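According to full-length UniProt numbering, the residues represented by the sequence shown are 1 to 209, in order.
Accompanying notes for the structure given below.
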Amino acid sequence: MKEAFASVNTVVVFEQFMTDTAAAADYALPVAASFEEEDVYCSSMYHAYLNYGLKLVDPPGEAKPDLWIWTELAKRLGFGDAFAYTREQFLAMALRPLETHGITLERIKTEHRILLPVEPVPWHDRRFQTPSGKYEFTSNIARQKGMDGRLQIMYPAESEEAHPALAAKYPYRLLTIHPLRSNHSQHSPLVPALQTVRIEACHFLCQPI
């Protein structure tokens with residue numbers, strides 16, 4: 001990471017804590033946490049609810065919301081008019097595609113959570129979003145565009161299947177598996193209190209009903 005950062009003239013990191021990533025940057029800008037700014041949240045992994053997050057407290061010190069930093073940067077680069085909206089206006093614009101389903105910023109502020117108009121069980125009718133409605137091992141759309149519509153397996157360059165000689169020389173494969181509840185170094189052991197809260201919350205949610 002240090003070599004990658006050194007190849008760039010200036011590295012700026014937005015962070016709530018002085019993580020390993022922030023410490024390696026040229027500038028670390030303190031940003032507001034989720035309870036320090038109004039926002040709307042949606043998880044595509046765990047559930048299909050849209051949640052409203054109310055601002056509970058002001059950010060400490062000189063910490064600012066990410067959106068404030070981007071809008072101020074846009075002003076200094078000469079296209080501030082494209083970002084000349086309040087946070088509430090940005091949230092309303094983000095929800096605009098859902099207005100046809102009756103989901104608006106005003107409604108979610110009142111109800112705090114709204115179930116999105118999606119099927120609770122994907123593909124429960126066994127029809128996929130393909131021209132045939134079936135799982136396609138070949139793609140007619142790709143063929144129409146002049147490409148090979150067959151599925152192809154892509155092997156790593158140093159694998160036994162792609163390059164046996166290199167595989168014999170470099171027999172190990174490095175897997176960079178993404179932690180389930182982490183993004184870069186934001187949940188590092190730097191903040192023990194957060195680690196405790198997360199583990200306790202997970203333990204509570206995993207209890208059988």
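Glycine included, every Cβ here is placed at the ideal spot set by N, Cα and C.
Keep in mind the model is a prediction, meaning the values are calculated, not measured.
Item                                                                                                                                                      : Value
Mind checking who threonine 138 pairs with in its DSSP beta bridge?                                                                                       : Arg150
Anyone know if the C-beta pair for phenylalanine 83 and alanine 94 falls short of 9 Å?                                                                    : no
Only counting the same chain, and skipping five residues up and downstream in sequence, which positions put a Cβ closer than 7 Å to that of aspartate 66? : Phe14 and Val31
Suppose contacts are defined by Cβ-Cβ distances below 9 Å. Is leucine 98 in contact with leucine 116 by that definition?                                  : yes
Looking at the unbroken beta strand (DSSP E) that takes in proline 30, where does it start and where does it end?                                         : 27-30
Quick test of the definition: if touching needs 3 or more C-beta pairs under 8 Å, does the stretch 101-110 touch the stretch 120-131?                     : no
In this structure, does DSSP put leucine 67 in helix, strand or coil?                                                                                     : helix
To the nearest angstrom, how far is the alpha carbon of serine 139 from that of glutamate 37?                                                             : 45 Å
Could you work out which residue in Asp20, Phe17, Ala25 and Gln16 is closest to alanine 6 when comparing CA atoms only?                                   : Ala25
Going by beta-carbon coordinates alone, are alanine 23 and proline 59 separated by less than 9 Å?                                                         : no
For tyrosine 41, which residues does DSSP report across the bridge?                                                                                       : Asn51
In three-state terms, what does DSSP make of leucine 174?                                                                                                 : coil
Between which residues of its own chain and alanine 142 is the CB-CB distance below 6 Å, once the five residues before and five after are set aside?      : Gly149
How would you write the range of the alpha helix (DSSP H) that isoleucine 108 sits in, first residue to last?                                             : 105-111
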